[in-house]
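One structure below.
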Amino acid sequence: MTPQLTPALAGGVVVADRCSKWYGHVLGVSDVSWKLSGGIVGLLGPNGAGKSTLIKMMAGLLRPSRGTLSVYGASPFVDPAVRRRIGYAPEHDQTWDELSALELVTAMTRLAGVPADKADRAARDAIEQVGMTAAMYRGVRGFSKGMRQRTKLATAIAHDPDFLLLDEPLTGVDPMARIDIVARIKQLGEAGKTVVVSSHVLYEIEALTSDILVIYRGQVLAEGNVYEIRNLIDRHPHRIRVECDRPRAIAAALSTEDHIARISFERNGLVIETRDPDRCYEQIAGAVVAENIAVGALSSPDNNLGAVFEYLTVDGGRR
Amino acid sequence: MSTGQIHDLGYKRYVGSRRSVGTRWRVIMRHQIATAWRGWWRFKMWLVAALITTASIGAVLYFMHDRVLKVLGGVGGQAVVKFADGLVPFSTVFYCKVGFAVSLTVSATLVASDLQSGAFTFYFARSARPVDYILGKLAGLAVLMAVIMAVGPLLLAGVRLGLADDLDQLITLLPMLGKELAVGVVGTLIYAVVPLGFSALTDNKRHALALWAAYYIVVGSMAGGVAYATTPAVAAIDLPACLHTISLHLYDQRFGGARSPDIPTAAALISVFGHVAAAIAVVFWRVRRAQQTGVGGAS
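The listed protein sequences derive, respectively, from chains G and R. Counting with our numbering, you get residues 2 to 320 for the letters of the first sequence. Counting with our numbering, you get residues -6 to 292 for the letters of the second sequence.
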C-alpha cells in the first residue's frame, strides 16, 4: 500500500513520516518526520542518539515499528530493487576477513546486482577511487582502521548507487586519512550522489557539509543549514567573542542595551550573548571606533557546528 | 547531472547492466563455494580423502573381479565377487566420515559465523532477501557435499559397471547408478542441511560446532544403544545409520553393526527428511529474525 504522506513530505530521496523504531522497550528513533532531497547531509548526534537506527532504516536493514520511511518512493526494507540504488557502509568493522579487499568489494558488487564479468572491473574502479589499489590483494584481516574504512567505502560505491549511507566513516582514522576520505565523500556529493554521513564528532561533519540533521534521544531536534538552525534557536542568545586590549570598554558600551543577555570576560577579551546579533555587531563596531580599541579577532562561536550541537543536544534537549 | 560531468570529476560510473533480484542466491552460492575452496583444510583435504576412499574401494572392486581370481577361486571366487559387490552400498560408511568432516569445517558454523561477523548487514543492505540467503547457502553446500557424498559412490557404481562380464550383466547392474544417485542425494541432504540448521541455533560458531558434533557423535551413539534395549526405530536418530540403512535397503542387503541395529527403512527416511525439514525451518527462523532485528552492527 502506498503511504499517504503529508504534501510537505512528498517527493525526495528519503521521506520519513512519523517514523519510530523500538528495540523491545528501548526507543531507537521516535516520531521522525524528515525529507531529504539530495546533496550531502550530516547526521549528527551523540552516541546512542539513534543515528545508526535511522541509517539502518534508510538502508532497508530495519523496518520502522511505526510510521513509514521510503527511499525513492519505496520501502527499502520490503523492496530489494530499491536497495540496489543504495550504498551502505556500516559502522562496524566486522566483515569477511579472510577475503582480500578486491574479493570483498567484488562479492559486495555482485550482491548488488552487477554481473560477474563486470563486477571485477567495477570493484577495481571503486578501490582506486578510495586510494586502496596498492593494498587490494591483501587480506582485510591485516588492515588498519583507516584501510577498513576505505574498503567499506569502496564496497558502498562500487555498484554505483545513487544514495550513499555512511555510518561513522571517519571514526578511528588518522588525520591524513580523514582529510582524504572527506575529500572523496565530497567528490561523491559533487558527482550527484545523495550522501548521508553520520558522526558524533562535530568537526567531522562540519568539514563535509553545512547541511545537518541533529538527532538526540531518537528525535530530530533540528535540520537544515547550520546557520538556519542557529536562527531557529531564538531562545538561545547568539554569542560573539571579541579579542581585544580593553574588553571592559566594550562591555561598558553595551551593558545597558536591552538585547544583551550576558557578558563574560575571558583572558584576552569578552564573550557577549545577544538576542539581536546584527544590532550588536554594529554597536561593537561603534564602540571600537569611539574608544579606539585594538581588536585582535571577532568571531561567533555559534557559527561553529559545535555550538549549535551543544545548544540543541545538551541545553535544548533537556527543556 | 550528466554521466559525462560525473566522469570529469574523476568518479567512474558503472554503466553496465544489472542482474535481476531473483539471481542473488546464485551469487551467494558461488561465494559459499569459493569460500570453502579457499585453503586446504576446509574442503580440499576432505575431497582428497574422498578420492582416496573411492580409489581404494575401486581398486578392491577391480582386483576382486579379476577374471584370473575368479577362475582360480572357483566357488570361493564367486563368493569373493559377491562380497566385492557388497562393497558399493557399504562404502557409504566411509563417505559418511568424510561428509561429517566437511560438515564440521564448512557447514556447521555457517549461519552462526555470519551472525557473529555481521555479514547479514552486507546481505540485507543489498538487494538480497532472506530466501536468497537460505537458497544460496543451501545450494552452495549441496554442491560441495554432492562432490563428496554422490560423486564418489557414482564413480564406484561406474567402476562396477565397467567390470561387468558381459552386456547382460551390465544391463542387470545398470540400476546401481540410480541407487547410488539416490544414496548420494540423501547423504548430501544430511551433511549439507542438518549441520546448517545447527549453525543457526546459536550466534556463536564454536557453540554451533560443538552442538552439531555432540548431536552427531554422542546422541547418535546413545540412540544406537537405546535402540538395542527398546526398539530399533530409535536408532533412526543416528543419521549415518539412517543413510546406511537406506543404502542397504536399496541393494536388498542387511548389515547389523554396533551402531547399526536393524532400523526400519521407513523410520530412516522419516528421520532424514524430518531432520532436513527441521533444519531448514530453524535456518529460516534465524535468518528472518536477523533481518527483522537488523543484526550486525551497533544501533
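We treat Cβ as the ideally placed atom computed from N, Cα and C, and that holds for glycine. It should be emphasised that the depicted structure is a prediction, and the values quoted were computed from it without experimental measurement.
Worksheet item: Given A82 of chain G, which residues of its chain have a CB within under 8 Å of its CB, disregarding the five upstream and five downstream residues?
Response: Excluding residues within five positions, the ones whose Cβ falls inside 8 Å are A75.
Item to complete: Please state whether DSSP places L28 of chain G in a helix, a strand or coil.
Response: Taken through DSSP and simplified to helix, strand or coil, L28 of chain G comes out as strand.
Discussion item. Residues of chain R with CB closer than 7 Å to the CB of K119 of chain G, please, in chain order.
Written reply: Close partners of K119 of chain G in chain R (Cβ separation under 7 Å): G9.
Worksheet entry | Neighbour flag for H237 of chain R against chain G, beta carbons, 8 Å | no
Worksheet item: How about A108 of chain G: is its C-beta nearer than 8 Å to some C-beta of chain R?
Response: Yes, contact with chain R.
Discussion item. Closest to H242 of chain R by C-alpha separation, out of R:R11, R:M38 and R:A261, would be which residue?
Written reply: R:A261
Worksheet entry | Identity of the residue in G:V115, G:G51, G:L100 and G:G88 nearest V30 of chain G by Cα | G:G51
Item to complete: Using a Cβ cut-off of 8 Å, pull out every chain G residue sitting near A121 of chain R, in sequence order please.
Response: P81 and L112
Discussion item. Can you find the residues in the same chain that come closer than 6 Å, C-beta to C-beta, to T210 of chain G, ignoring five residues on each side of it along the sequence?
Written reply: I41 and G43
Discussion item. With three or more C-beta pairs closer than 8 Å as the rule, is the stretch 85 to 98 of chain R touching the stretch 230 to 242 of chain R?
Written reply: yes
Worksheet item: Can you find a C-beta in chain G that's less than 8 Å from the C-beta of R279 of chain R?
Response: Using beta-carbon distances, R279 of chain R does not count as an interface residue toward chain G, since no partner is under 8 Å.
Worksheet item: How about L166 of chain G and Y217 of chain G: do their beta carbons lie closer than 8 Å?
Response: no
Worksheet item: Should G61 of chain G be flagged as near chain R, meaning a C-beta pair shorter than 8 Å?
Response: yes
Worksheet item: For the 8 Å Cβ check, are there 3 or more pairs between the stretch 55 to 65 of chain G and the stretch 101 to 108 of chain G?
Response: Judged by Cβ distances under 8 Å, the stretch 55 to 65 of chain G makes no contact with the stretch 101 to 108 of chain G, as fewer than three pairs qualify.
Discussion item. In whole angstroms, give me the CA-to-CA distance for G297 of chain G and E274 of chain G.
Written reply: 19 Å
Discussion item. Would G39 of chain G and V14 of chain G be called neighbours here (beta carbons separated by less than 8 Å)?
Written reply: The answer is yes: Cβ separation under 8 Å.
Fill in: Bounding residues of the beta strand (DSSP E) (the contiguous stretch that carries I216 of chain G)
Here the beta strand (DSSP E) through I216 of chain G covers D212 to Y217.
Worksheet entry | Residue range of the beta strand (DSSP E) that includes E267 of chain G | I261 to E267
Worksheet item: With distances taken between CB atoms, is the gap from H260 of chain G to R276 of chain G smaller than 8 Å?
Response: By the CB criterion at 8 Å, H260 of chain G and R276 of chain G fall inside the cutoff.
Worksheet item: Can a CB atom of chain G be found closer than 8 Å to the CB of V268 of chain R?
Response: For the record, residue 268 of chain R in the displayed sequence is His; it is not Val. No, because no Cβ of chain G sits closer than 8 Å to the Cβ of H268 of chain R.
Fill in: Coarse secondary structure for R86 of chain G, derived from DSSP in three states
coil
Practice prompt. Spell out a yes or no on whether the stretch 119 to 130 of chain G and the stretch 34 to 46 of chain R are touching, meaning 3 or more CB-CB pairs, one atom from each, closer than 8 Å.
Written response: The answer is no - the stretch 34 to 46 of chain R does not touch the stretch 119 to 130 of chain G, with fewer than three Cβ pairs under 8 Å.
Discussion item. With distance defined between alpha-carbon atoms, name the residue in R:T224, R:A222, R:R11 and R:V178 nearest to K119 of chain G.
Written reply: R:R11
Worksheet item: Within 10 angstroms of its Cβ, does H268 of chain R collect 16 or more other Cβ (buried), or is it exposed?
Response: buried
Worksheet item: Listed in chain order, which residues of the stretch 147 to 164 of chain G have Cβ atoms closer than 8 Å to some Cβ of chain C?
Response: Of the protein chains in the structure, G and R, none is chain C.
Worksheet item: In the DSSP assignment, what are the bridge partners of A298 of chain G?
Response: G:E244
Item to complete: Out of G:G173, G:D163 and G:Y138, point me to the one whose CA is closest to E324 of chain G's CA.
Response: This structure cannot settle anything about residue 324 of chain G, because the visible part of chain G is limited to 2 through 320.
Discussion item. Please report the straight-line C-alpha distance between L62 of chain G and D80 of chain G, rounded to a whole angstrom.
Written reply: 11 Å
Discussion item. So with CB distances below 8 Å, who are the chain R contacts of V115 of chain G?
Written reply: Y7, G9, R11 and R12
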